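S.K.:
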Amino acid sequence: MRTPLVAKDGSRPGGLSVEWVDRMKADASPICEVRDISKAFPGVQALDRVSLALNAGEIHALVGENGSGKSTLVKSLSGVHRPEAGEIRLRGEVVSLPNPIVARQRGVATIYQELSLVPSLSVAENIFLGRFPTVASGQIIDWQTMRRESVKTLRELGIEIDPDVVVRSLSMAEQQLIEIAKAISEDSGVLVMDEPTAALGLAETRRLQDLIRQLARQGKAILYISHRIDEVFQIADRISVLKDGRLAGSGLARELNVDSVVRQMLGADVTEHYPKQRNTKNEVLLEVEGLSTQTGVRDVSFSVYAGEVLGFGGMVGSGRTEIARALFGVDRPTGGSIRLNGQPVRFRTPTEAIRHGVALVPENRKADGLFMNFRGPENITIANLAALLYGPFLDLGREMRFSQDYFKKLAISSTGIEKSVQFLSGGNQQKVILARWLFSQARLLILDEPTQGVDIGARIEVYRIINELTAIGIAILLISSDYPELLAMSDRIAVVSNKRILQIFPSDQLSEYRLLDMASRAHHPGEGRTHET
Amino acid sequence: MRPRRSPLSRIPVMGPIISLFVVSVAVTISTDRFLLLDNLNNVALQASIVAIVAVGSTLVILTGGIDLSPGSAIALLTMIMASLIKFEGMSVPSAIVIVLIMSVVMGAINGFLSSYGRIPSFIVTLATLSIFRGVAFLFNAGSPIFSVSTSLEPWFYGQLFGIALPLFYVLITYGLAWGFLKYTPIGRRIYAIGGNESAARLSGINVHQTRLIAFIIAGLTAGIGSILMTARLNSGSPNYGVGTELQAIGAAVVGGASLAGGYGHIVASMIGAAIIVVVQNGLNLNAVQTSWQNITLGAIIVLAVFMDMWRADFGRLIGRAWRRWAGRRVAVSEQDADDT
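Listed in order, the protein sequences are those of chains A and B.
Residues 2 to 534 (the numbering used here) are what the first sequence spells out, left to right.
Residues 772 to 1111 (the numbering used here) are what the second sequence spells out, left to right.
1. By a C-beta neighbour count over all protein chains shown, 10 Å radius and 16 as the cutoff for buried, is residue 136(A) buried or exposed?
2. Going along chain A in order, which residues have a C-beta closer than 7 Å to the C-beta of residue 972(B)?
3. With a threshold of 8 Å between beta carbons, is residue 393(A) in contact with chain B?
4. Just the chain D side, please: which residues come within less than 7 Å of residue 955(B) by C-beta, in chain order?
5. Is the shortest distance between the beta-carbon of residue 969(B) and the beta-carbons of chain A less than 8 Å?
6. Give me the Cα-Cα distance between residue 96(A) and residue 88(A), rounded to the nearest whole angstrom.
7. I want to see whether chain A comes within less than 8 Å of residue 784(B), judged by CB atoms only; does it?
8. Give me the Cα-Cα distance between residue 46(A) and residue 85(A), rounded to the nearest whole angstrom.
9. Could you tell me which residues DSSP puts in a beta bridge with residue 34(A)?
10. Who are the near neighbours of residue 507(A) in its chain, counting only those whose CB is closer than 6 Å to its CB and skipping five residues on each side?
11. With residue 171(A) as the anchor, note down where its beta strand (DSSP E) starts and where it stops.
12. Apply the 10 Å Cβ neighbour rule to residue 1008(B) and answer buried if 16 or more other Cβ atoms are within range, or exposed otherwise.
13. Comparing the C-beta of residue 962(B) with each C-beta of chain A, is any distance below 8 Å?
14. Starting from residue 973(B), follow its DSSP beta bridges and name the residues at the other end.
15. What are the residues that DSSP puts in a beta bridge with residue 334(A)?
16. Could you work out which residue in 90(A), 411(A), 300(A) is closest to residue 498(A) when comparing CA atoms only?
17. Look at the Cβ atom of residue 109(A), then the Cβ atom of residue 78(A), and state whether they are nearer than 8 Å.
18. Applying a beta-carbon distance threshold of less than 9 Å, which residues of chain A neighbour residue 1034(B)?
19. For the region 888 to 907 of chain B, which residues have a beta carbon sitting closer than 9 Å to at least one beta carbon of chain A?
20. Report yes or no: is there a C-beta of chain A within less than 8 Å of the C-beta of residue 804(B)?
21. Going along chain A, which residues have a C-beta under 7 Å from residue 975(B)?
22. From which residue to which residue does the beta strand (DSSP E) around residue 819(B) run?
23. Mapping the DSSP letters down to three states, classify residue 1112(B) as helix, strand or coil.
24. Label residue 295(A) either buried or exposed according to how many other C-beta atoms from any shown protein chain fall within 10 Å of its C-beta, with 16 as the threshold for buried.
25. Compare the C-beta of residue 237(A) against all C-beta atoms of chain B and say whether one is closer than 8 Å.
26. Indicate whether residue 966(B) and residue 355(A) have their beta-carbon atoms separated by less than 8 Å.
27. Taking only beta-carbon atoms, is residue 1003(B) less than 8 Å away from chain A?
28. Using 10 angstroms around the beta-carbon of residue 139(A), count the other beta-carbons present and answer buried if the total reaches 16, otherwise exposed.
29. On the criterion of 16 or more Cβ atoms from any shown chain inside 10 Å, does residue 205(A) qualify as buried, or is it exposed?
30. Go to residue 105(A), then tell me how far its alpha helix (DSSP H) extends in each direction, as first and last residue.
31. What are the start and end residues of the alpha helix (DSSP H) that includes residue 1015(B)?
32. For residue 982(B), decide whether its Cβ has a neighbour in chain A, counting only Cβ atoms nearer than 8 Å.
33. Compare the beta carbon distance of residue 1027(B) and residue 786(B) with 8 Å and say whether it is the shorter of the two.
34. Check whether chain B comes within 8 Å of residue 370(A), counting only Cβ atoms and requiring the distance to be less than that.
35. I need the boundaries of the beta strand (DSSP E) containing residue 281(A), first residue and last residue.
36. To the nearest angstrom, how far is the alpha carbon of residue 169(A) from that of residue 121(A)?
Structure (structure tokens):
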């Protein structure tokens, strides 16, 4: 295991001296070069004249906060987005990457954090998906060649997985390895990995990092995206930092330290970034005891105070979302008790939960939260139409007045009053959903990844809204994979793993590393099906 | 209620009105008989039944479902009505009440199976399309019932203030449907479950109940259609209503309703019904064979869907694809700048 910094004797694994390796890298012109690319989306300059060079044999880490432009850069390289300005050079030649297929053909393989495997197909079929070897002038799949080549690719990578196994039966980490095998088998020179370890535990992360180093030694240029600083220092040769769509800094990993990189990521005022107020009142709002569900939640007990933010920290698939779903009446509990304001409750549907003042802001805003066929006002009032009734009819005038009020209070772009919410930015959309639950008089708000895909300015506004809500006694269950955010915005944090709560800590007694370590050590991905929506 | 579909049409029903005008001009050019008062009257009477059935079809389409059964339901209900009056000696108003109750029951069957029963509405109503017509043939040994009652025809051919009664039926039905969709919680929820069923459920909407109500209303409008049909022809027949479901769905789609659900204006469906009937009338007047009329109707529906897709903001299509994709693979996602 290599340390972040160069070993004492200056040597690197593989026996080459630092100087030699650097000279070799300097000599070779970069395989892939990004020059001054810019890309804007409505309301946000996602990339602003960013330049990067990816060298053969080098692991180049790109760090930055959510919304800093990392994903946009990845998508520009993989042909999903077309930058408005600047150029991308592959082996010195300016190329245009109009779509992902061309990017792959040009040798840029991208591994997204959401895997692109087909669960019902075998490992071999997935590796060769879309370019099956064929016989009989391309009409019949050559299964033998496919299998042989798969075995070869997997062996080269030291992955011990049977190519005939169906992907569905593999763990998250194994699937990630298959994804890499797929990318490698296409003979790509550039490998872009977007948060490859987001769903992995520490042991699997190490295995993946070994593999990435091996690929680098074979001469591939690797762009490694992550927001986990410790991890980046373990693996990267070079680190570039994106902030608000601009390149905030770039340098050799051994010449940088964690503090300087974090400062570049967050900018000057870190405290301003998380304007946390502590509003916990001495009044228990929610008590959960021994809660179990069919989705695998086992014997979960915790309580939340009025005005408190209780954070749920854990890996994807650890059970955070399942606990939330059970509280909200989506999944039926099989055991245990839930008390709200001292009253025992048992919600069979979200309708009942909402009636009792529980609300859920789902992780996947577009799939589970927004009505794109509605404008802002209809989106806000939908969960509490009873409040608009004038006799049996909806008072549309009152709906508009209430909505304008919320638009003003939460500083939502007024575009959303007259037009579909699909024209709003992620942050504004999230605020519309928050307004929906304010309008429904929620007392317990479950926020599942509330700042995912929300740009920095709007994120701070979401934090401020959290403060305002807790100030009036609303309790919040905060589920977030953004650990700095979770640590800063929660009053207490429950560490969730394997569908259980391991322990609950006051948030000031927990560090990011400790949280990650606890959450991942007991984490066995692939056990049971993850059930997130 | 719904966002504007096209920058050209500030009024949601402007597109269909323009289409109706264009189609009418084309038919007028093709034949000098279109504008004759008798013919226009005939067109209006014909369109009235399609337009009323289209109310139910539109509601179901708004929820993201489809109802293929109203044509068969009409056949069965005309047989029930004709039997009640002619063989059981029932008065016309009583028979109307019973037919309306039966139509609600039939709509509820569709609705229950496709909501609480969790069978896709396409399958459910494809089955009841066959079942309802099959049951219709059980009446009167499968023969039509003619000359039902002399007191029946005024219900269809009667006039009020010199205007044909069916026109009032249409206006009243659409007025109620418009108010229902715009000003009642259930109407709002119909749009919501069609727009995003998952979000609707998580917003506390009883999705099954809402869908059931849409189907019950669809049954009811088919019932009204069947009463008009019986009165118009003074007969009941198991062969009535063939293709009515297609005309009604066509009316909704030509009016701009999205088959994916959530988008559509009820008044536009009325104009859609007029467009479809005017086209058929034009083909009739030009002595085009029935086979070609059927082909044309199918082609119009495909064309309307194409136009809808072409007009529709690509964001919606992308959004739908994204949802499908993201629904399958959920990971801790950092962002996706499309969102920001």
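Glycine included, each C-beta is placed from N, C-alpha and C at the ideal position.
These numbers were taken from a predicted model, which means no experiment stands behind them.
M.R.: In brief:
1. exposed
2. 351
3. yes
4. Looking at the structure shown, chain D is missing, and the protein chains on hand are A and B.
5. yes
6. 8 Å
7. no
8. 11 Å
9. 54(A), 90(A)
10. 493
11. No beta strand (DSSP E) holds residue 171(A); DSSP gives it neither H nor E.
12. buried
13. yes
14. Bridge partners of residue 973(B): none, in fact.
15. 294(A)
16. 300(A)
17. yes
18. 374
19. none
20. no
21. 351, 352, 355, 384
22. From DSSP, residue 819(B) is part of no beta strand (DSSP E) but of the alpha helix (DSSP H) over 808 to 833.
23. Limits of chain B in this structure are 772 at one end and 1111 at the other, which puts residue 1112(B) out of reach.
24. exposed
25. no
26. no
27. no
28. exposed
29. buried
30. 101 to 106
31. 1015 to 1025
32. no
33. yes
34. yes
35. From DSSP, residue 281(A) is part of no beta strand (DSSP E); its letter is neither H nor E.
36. 6 Å
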